[in-house]
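Here is the structure we will look at.
Numbering (full-length UniProt numbering), first residue to last: 1 to 301.
Below, the structure written as structure tokens:
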């Protein structure tokens, strides 16, 4: 090869209008590969296309996640067993969804679905039960717009779950109020047919006449029927205006209406017993969680 032939293929030969890469003038390139303009490497080592000097390539939107919650997680969250055990129970046919046995592990359910474990309805979170000794002046249901103080403020730190009060107490009333996320129990305790036992310490605007005490024992006729009480008596070593009353009715304002029908106004109303639960060691304005035995007792009502 002549000297001129060698020089025509050297690096930097511009006579042909081409530039050759490599020391020996190897592969042809048409663009500069200077820093900041390197070619995009679309191999497995750079799956996100983040090569230097290039903006990331947006991935295609992922498919929408399946709606609902997996059945085994729903069962486990209810507190009846672990998720691993839930798979076993589901496969065995112990779980129904809206009345149908479901054995599919990946089956998803909605919060509105009725899920039962061994015939008993369950909810997708562990049941919790909180007992509050309600102070005077707190609404059981209040208006946020009016910034009313509600009982929910008092139990705000009791649970991360949403707890609802079972039944009601008037704003000026005090005493025991149960909260739970166990909808089945709440419905059962609120059912008038079950007659949850309640004892009230009542203070009237005047002494209660003995004849009126007897009328209450026999049953007082109200606009919605006869109000029957289990027991009523004067409070020992207290003025005759203070009365103890045991009743099983869940009708609204039933205690106030009983005394109002006889010409008395209730000045103070304190619920001291609710379904076997008492205020023992529970200071006004404070709450506590129920024991397992207390929950069992309420479940049997």
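The C-beta atom is built at its ideal place from N, Cα and C for all residues, glycine as well.
A quick note: this is a predicted structure, and the numbers were derived from the prediction, not measured.
Quick one: what's got a C-beta closer than 6 Å to residue i's C-beta in the same chain, skipping five residues either side?
i           : result
residue 171 : 139
residue 257 : 222
residue 168 : 140
residue 136 : 172, 174
residue 189 : 166, 196
residue 240 : 207, 208, 234
residue 295 : 129
residue 149 : 138
Is it true that the CB of residue j sits closer than 8 Å to the CB of residue i?
i           : j           : result
residue 109 : residue 97  : yes
residue 184 : residue 121 : yes
residue 198 : residue 155 : no
residue 178 : residue 274 : yes
residue 270 : residue 210 : no
residue 208 : residue 265 : no
residue 245 : residue 202 : yes
residue 118 : residue 82  : no
Verify the contact flag: residue i, CB atom, against every heavy atom of the ligand SAM, threshold strictly below 7 Å.
i           : result
residue 265 : Questions concerning the ligand SAM fall outside what the structure shown contains, since it holds no ligand whatsoever.
Just list the residues that DSSP pairs residue i with in beta bridges.
i           : result
residue 233 : 244
residue 227 : 220
residue 266 : 204
residue 259 : DSSP output for residue 259 lists no bridge partner at all.
residue 133 : 176
residue 274 : 198, 277
residue 122 : 115
With distance defined between alpha-carbon atoms, name the residue in the options nearest to residue i.
i           : options            : result
residue 230 : 125, 219, 79       : 219
residue 281 : 176, 266, 180, 67  : 176
residue 162 : 128, 190, 137, 174 : 128
residue 115 : 272, 126, 74       : 74
residue 253 : 227, 164, 236      : 227
residue 279 : 133, 251, 191      : 133
residue 123 : 131, 130, 111      : 111
residue 286 : 261, 107, 131, 164 : 131
residue 125 : 289, 272, 69       : 69
Less than 8 Å between C-beta atoms, sequence neighbours within five positions excluded: which residues of the same chain meet that for residue i?
i           : result
residue 91  : 103, 105
residue 255 : 200, 202, 245, 247, 266, 269
residue 297 : 275, 276
Would you tell me roughly how many angstroms separate the C-alpha atoms of residue i and residue j, rounded to the nearest one?
i           : j           : result
residue 277 : residue 291 : 11 Å
residue 193 : residue 182 : 19 Å
residue 151 : residue 157 : 12 Å
residue 238 : residue 284 : 21 Å
residue 293 : residue 299 : 10 Å
residue 147 : residue 225 : 37 Å
residue 79  : residue 242 : 44 Å
residue 99  : residue 113 : 10 Å
residue 160 : residue 261 : 43 Å
residue 250 : residue 236 : 26 Å
residue 289 : residue 180 : 10 Å
residue 301 : residue 191 : 10 Å
residue 84  : residue 164 : 30 Å
Closer than 7 Å by C-beta to residue i: which residues in its own chain qualify, once you throw out the five before and the five after it? Chain order, please.
i           : result
residue 216 : 229, 232, 258
residue 263 : none
residue 46  : Because residue 46 sits at a pLDDT of 49, beneath the cut-off of 50, its placement in the model cannot be relied upon, and the following sentence gives the value as read from the coordinates. For residue 46, where only same-chain residues beyond five positions count, there are no Cβ hits under 7 Å.
residue 187 : none
residue 86  : 72, 75, 76
residue 153 : none
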